[in-house]
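Worksheet: one structure, shown below.
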Amino acid sequence: AQRVTQPEKLLSVFKGAPVELKCNYSYSGSPELFWYVQYSRQRLQLLLRHISRESIKGFTADLNKGETSFHLKKPFAQEEDSAMYYCALSGFSFNKFYFGSGTKLNVKP
Amino acid sequence: EAQVTQNPRYLITVTGKKLTVTCSQNMNHEYMSWYRQDPGLGLRQIYYSMNVEVTDKGDVPEGYKVSRKEKRNFPLILESPSPNQTSLYFCASSAQGGNQPQHFGDGTRLSIL
Numbered sequence: 001a002q003r004v005t006q007p008e009k010l011l012s013v014f015k016g017a018p019v020e021l022k023c024n025y026s027y028s029g030s031p032e033l034f035w036y037v038q039y040s041r042q043r044l045q046l047l048l049r050h051i052s053r054e055s056i057k058g059f060t061a062d063l064n065k066g067e068t069s070f071h072l073k074k075p076f077a078q079e080e081d082s083a084m085y086y087c088a089l090s091g092f093s094f095n096k097f098y099f100g101s102g103t104k105l106n107v108k109p
Numbered sequence: 001e002a003q004v005t006q007n008p009r010y011l012i013t014v015t016g017k018k019l020t021v022t023c024s025q026n027m028n029h030e031y032m033s034w035y036r037q038d039p040g041l042g043l044r045q046i047y048y049s050m051n052v053e054v055t056d057k058g059d060v061p062e063g064y065k066v067s068r069k070e071k072r073n074f075p076l077i078l079e080s081p082s083p084n085q086t087s088l089y090f091c092a093s094s095a096q097g098g099n100q101p102q103h104f105g106d107g108t109r110l111s112i113l
């Protein structure tokens, strides 16, 4: 069965510290992975997707098929990064989506 | 302004009373989808639509219906709501399937008593 696991409900770091939000997945086909973010009082929005291999707001994520992981990383966290982060999985047809339960990132000053 | 609009934003109703949550997008997007969000479970996909008159089940379709008669609208119908459908619901749309960024609505909080 398809599944996305985000083991941490809450992650607190200090400003300037590195941050890594974990995401592990289970999928029988070739996965497409995404990170979505919801800032306070804003709508859920796409942060990045593995297929484009881009860095958004200093965040990167590498798809590791061997470990079935897609961890989100940033070398120096900023207070404005505080938000709810969701890892999401789809297949090659990009129709069905599976989201993780989310990790709340709290960046302390 | 490009956006996805859901109505109502909040609704308290009783078991068995049919209700419809509307979703409209003004971006001419082909793909639309409904999710429900429950504590500890994240977002779970209910139904999606790749285009007009093309709909399919997501992960948790039981108890829900959808229709896609026009490109811009994708209503979610609960024919006989039950308390286990109390949840926060999100509608989303994207240009060409989920590969393009999904634009989400503000959410609809439903309470079924």
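Note that the protein sequences, when read in sequence, are chains A and B.
With the working numbering, you'll find the first sequence wraps up at 109, consecutive numbering, no jumps.
With the working numbering, you'll find the second sequence wraps up at 113, consecutive numbering, no jumps.
Glycine included, each C-beta is placed from N, C-alpha and C at the ideal position.
- Beyond the five residues adjoining it in sequence on each side, S90(A) comes within less than 6 Å, by CB distance, of E32 and F97 in the same chain, given in chain order.
- Only exposed fits Q78(A), as fewer than 16 other CB atoms lie within 10 angstroms of its CB.
- Proximity of L76(B) to chain A, defined by a Cβ-Cβ separation below 7 Å, is not satisfied.
- For the region 39 to 50 of chain A, the residues whose beta carbon sits under 9 Å from a beta carbon of chain B are, in order, R43, L44, Q45, L46 and R49.
- Within a 10 Å sphere around the beta-carbon of R9(B) sit fewer than 16 other beta-carbons, which makes this residue exposed.
- Contact between W34(B) and V4(B) is ruled out by a C-beta separation of about 11 Å, above the 8 Å threshold.
- Remark: C-beta atoms of T15(B) and I77(B) do not approach each other more closely than 7 Å.
- Secondary structure at H103(B): strand, using DSSP grouped into helix, strand and coil.
- For Q25(B), DSSP records a beta bridge to V4(B).
- The DSSP-derived three-state label of N73(B) is strand.
- If you compare the alpha carbons of L43(B), N73(B) and H103(B) with that of L88(B), the shortest gap goes to L43(B).
- For Y10(B), DSSP records a beta bridge to R109(B).
- Rounded to whole angstroms, the Cβ separation of Q6(B) and C91(B) is 5 Å, and the two are in contact under 8 Å.
- If you look at A92(B), you'll find it in the beta strand (DSSP E) that goes S87 to S94.
- Residues of chain A whose Cβ lies closer than 7 Å to the Cβ of Q102(B) are, in chain order, L46.
- The residue from F94(A), A83(A), F34(A) and L105(A) with its alpha-carbon nearest to that of M32(B) is F94(A).
- Nearest in C-alpha terms to P61(B), of all of I46(B), T86(B) and D106(B), is I46(B).
- The beta carbon of Q25(B) sits no closer than 7 Å to any beta carbon of chain A.
- Beyond the five residues adjoining it in sequence on each side, P101(B) comes within less than 7 Å, by CB distance, of S94 in the same chain, given in chain order.
- About 5 Å separates the Cβ atoms of Y27(A) and Q2(A), confirming a contact at the 8 Å cut-off.
- Between E8(A) and T68(A), the C-beta gap is not smaller than 7 Å, which leaves the two residues out of contact.
- In the assembly as shown, I51(A) is an exposed residue. Its beta-carbon has fewer than 16 other beta-carbons within 10 Å.
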